[in-house]
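Each protein sequence line maps, in turn, to chains A and B.
If you're matching positions, the first sequence starts at 64 in my numbering and goes up one per residue.
If you're matching positions, the second sequence starts at 64 in my numbering and goes up one per residue.
2 protein chains.
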Amino acid sequence: MDQGEGAARGRGPDPGAGRPTVRDVAREAGVSLATVDRVLNDRPGVREATARRVGAAMERLGYQRDMAAANLSKRRSYRLVFLLAAGTNSFMHMLREAVEKTASFSSMDRIALQSRLVPPFDGPALAAALDAIDPRDTDGVAVVATDEPEVRDAMGRLAARGIRVLTLVSDAPNSARERFVGIDNVVAGRTAAGLLGRFCPAPGRIAVIMGSALLRDHVERRLGFETVIAREYPHLACLPPIEGRDDADTVARELSAQFAAEPGIVGIYSLGAGNRGIVRALEGRPGGRRLPVVVHELTPHARGALMAGVFDAVINQDAGHEIRSAVRILCALIDGRPTFEPQERISVDIFMRDNLP
Amino acid sequence: MDQGEGAARGRGPDPGAGRPTVRDVAREAGVSLATVDRVLNDRPGVREATARRVGAAMERLGYQRDMAAANLSKRRSYRLVFLLAAGTNSFMHMLREAVEKTASFSSMDRIALQSRLVPPFDGPALAAALDAIDPRDTDGVAVVATDEPEVRDAMGRLAARGIRVLTLVSDAPNSARERFVGIDNVVAGRTAAGLLGRFCPAPGRIAVIMGSALLRDHVERRLGFETVIAREYPHLACLPPIEGRDDADTVARELSAQFAAEPGIVGIYSLGAGNRGIVRALEGRPGGRRLPVVVHELTPHARGALMAGVFDAVINQDAGHEIRSAVRILCALIDGRPTFEPQERISVDIFMRDNLP
DNA sequence: TTATTTTTGAGTAACGTACATCATTTCCGA
DNA sequence: TCGGAAATGATGTACGTTACTCAAAAATAA
């Protein structure tokens, strides 16, 4: 019943052929299958010394556990929950869509994705949503976090319940999250400055539009942007930012007012949402040549404005990448597997009219 | 032995619980397991009508074949070969490295990658390498193709032997390749023009450096670049391209000569390799302010030049993405599975000093 | 109708792992 | 040196699929 030292017969254990299995490890370590299994799934009842022998055997053979078979046997399914912000924000919409699309393809790999919407900018609500997650029906959570104490606490409780958790687009640095998936917003701001600085050769002022000074990403983008402009483009100066509350009407009104008050504006940087307001303000602007404009997030509107030549560049983070990366990382965390880092880096994408996807 | 209509007992067939299996499909279609299997792996010996009934049952149940289990049973391993160009080209180096890194991680999923080097710019050699591929030990091939008749023919023979084949960075449009994985080089050239056009506000000429007028990607990039410059930046004119043969010394010499002959150069676009030559030519240039420079491929040297402020932007295609995408697509082709398109689009990346990875 | 081919059913052993049970061996302290 | 606890072995079943055999049934040809 057991295969002998069989040679190159189709199925034999051909020492060099198929990759090693648990049985090979058992044989190599001189223990039984059961013991290898105990070590592999660190179950109790195996002596330290034996465990080391098994480990050494795995090392020697280059054993790699077959995750597909393991998961098949475990009939494990990775049940992941995405907590996204509700509201009209275009980018959040894109995230939601990316979750859905990814979900339909992931079901092949026994990955079940679920996205839940949480009222935006509402720490207690987010904390409540986190607390409502039941370890019996979910294995991992990705959350678009706000950096507030109650949220951090809730994430701590979640982790304590044995659920792996990572932050998605907006980080909460001192929480129990095991990773952050998203871009470095300081870098994004610096990149915008590098573009706009070069796009604006004549001395003058830059209009800066942000959503809210309370949003961490916006603050970071502004920081990166203003630092680079000040250091590398001394012929430009940033005006005090307009707080547009990510609302097109507010942005249009305030920006128009700034055009009237400040004749020396030579460029526009918008680091939040509400970009339709910029288009309107520019249309209503009296005379003058067109202004270089750099904005964030490649929404359908931003895309249209790029194509129309109203925007010059869009700084983007790829929602699809972020979701897929979050899924892969969560699965790896759940399995206790390492991740393939170069694949998981989310890059700060620059889109212009010509390289639109 | 067979489970009855058992209700919510842990393992029962809970009509709504676990996803449907072949047994469920068989029951639903009123046929046996064997028949479902015959349909699934389109084996002969099943009537048209029966096949349709099974198909309908799968539809109704939303059956999705468990690829992990299937592959486990088949003990299939995806054996893929990458044919890359040998030589000193930095980008090819990066491709090779990406194959190796991906290989080490893919072995977990029973994917075995192998890369083979072929003399560059040598159609017959590439054709020979393609012909040397044995269907008994490889399932799919990704090739950095040159667009030559003998290569196209060899790809046809490869496909005829039942090996799935796709082109990798450089396409061969009318061949038997099932897909092309790479960027649109016309788009890449247009993107470079959009950047350089904006970086050069003053009227003048653009020095253009290409590797060879025989390389398809280079020709396409040049086409895209010159079209956009002519149409959208009339204050700029492209000089006749320098053919640097992807060689730093040649590039340095020819570009220095052009600096001497042409005083009105306001920007540089290099669409091939040999970018170290540009740095040298710029260093040796007499006086004058610094020139905007846009190049292709984020090699270590290009990266250094970006950081030093010598280059302004680099147009890049992510070698890692390309390799991983090729692997995923080949596996999908082999399995006869659909691919997840949004994930497989290779984008034209723009890197500046501030958004370097 | 019979003979023959084609289609279908039923069953079984894999694939590599997980997990449970029970028997057996080894260890350690009294 | 014994008793009990801890460690290990042996074995079986399951996961969802593939792939095979052999027999039974159904369709088709004669």
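Beta carbons are placed, not taken as given, at the ideal position from N, Cα and C, and that holds for glycine.
Using a Cβ-Cβ distance under 7 Å, would residue i count as near chain A?
| i | result |
| --- | --- |
| M370(B) | no |
| D417(B) | yes |
| R366(B) | no |
| P264(B) | yes |
| G267(B) | no |
| L135(B) | yes |
| F374(B) | no |
| R261(B) | yes |
| G93(B) | no |
Where do the N-terminal and C-terminal ends of the alpha helix (DSSP H) with residue i fall, by residue?
| i | result |
| --- | --- |
| C394(A) | A382 to D398 |
| A188(A) | G186 to D194 |
| V88(A) | V85 to A92 |
| T230(B) | From DSSP, T230(B) is part of no alpha helix (DSSP H) but of the beta strand (DSSP E) over R227 to T230. |
| A235(B) | Unbroken run through A235(B): none, as it is neither H nor E. |
| A222(A) | P212 to A223 |
| L299(A) | No alpha helix (DSSP H) holds L299(A); the beta strand (DSSP E) holding it covers L299 to C301. |
| S136(A) | M130 to K137 |
So what does DSSP say about residue i, is it helix, strand or coil?
| i | result |
| --- | --- |
| G330(A) | strand |
| S170(B) | helix |
| T402(B) | coil |
| V377(A) | strand |
| E502(B) | For chain B, the structure presents residues 64 to 420; residue 502(B) sits outside this window and is missing. |
| H359(A) | strand |
| L259(B) | helix |
| V102(B) | helix |
| G125(A) | coil |
| S178(A) | strand |
| G267(B) | strand |
| E325(A) | coil |
| E241(A) | coil |
How is the beta strand (DSSP E) around residue i delimited, first residue to last?
| i | result |
| --- | --- |
| F414(A) | D412 to F414 |
| L286(A) | Where L286(A) is concerned, there is no enclosing beta strand (DSSP E), although the alpha helix (DSSP H) it sits in stretches over R279 to E295. |
| G367(A) | No beta strand (DSSP E) holds G367(A); the alpha helix (DSSP H) holding it covers P363 to A371. |
| G340(A) | Taken as a continuous stretch (DSSP letters only), G340(A) belongs to no beta strand (DSSP E), being part of the alpha helix (DSSP H) at N338 to E346. |
| A205(B) | G203 to V206 |
| A148(A) | Y141 to A148 |
Who are the neighbours of residue i on chain B, taking C-beta pairs under 7 Å?
| i | result |
| --- | --- |
| M171(A) | Q127 and M130 |
| H291(A) | Note on identity: in this sequence residue 291(A) is Val, with His being the wrong assignment. In chain order: D417. |
Can you name the residues of chain A whose CB is closer than 9 Å to the CB of residue i?
| i | result |
| --- | --- |
| S178(B) | Here the premise fails: no neighbours, minimum Cβ distance about 17 Å. |
Cβ closer than 8 Å: which chain B residues qualify as neighbours of residue i?
| i | result |
| --- | --- |
| V329(A) | Those do not exist, as V329(A) stays about 12 Å from chain B at its closest Cβ, beyond 8 Å. |
| G351(A) | Those do not exist, as G351(A) stays about 16 Å from chain B at its closest Cβ, beyond 8 Å. |
Any C-beta of chain B sitting closer than 7 Å to the C-beta of residue i?
| i | result |
| --- | --- |
| V411(A) | yes |
| P420(A) | yes |
| D77(A) | Confidence at D77(A) is low in this model, with a pLDDT of 40, below 50, so its placement is unreliable and no value can be given for it. |
| P83(A) | no |
Whose Cβ in chain A lies nearer than 7 Å to the Cβ of residue i?
| i | result |
| --- | --- |
| F168(B) | F403 |
Interfacial residues, the stretch 231–259 of chain B to chain A, with Cβ spacing under 8 Å: V250, A251, R253, T254, A256, G257 and L258
Members of the stretch 186–219 of chain B that neighbour chain A once the beta carbon cut-off is set at 8 Å: none
Chain A contacts made by the stretch 396–407 of chain B, where a contact means CB separation under 7 Å: F403, P405 and Q406
Residues in the stretch 275–302 of chain A having any Cβ partner in chain B nearer than 8 Å: G287 and V291
Residues of the stretch 377–392 of chain A with Cβ closer than 9 Å to any Cβ of chain B, in chain order: I378, D381, G383, H384 and R387
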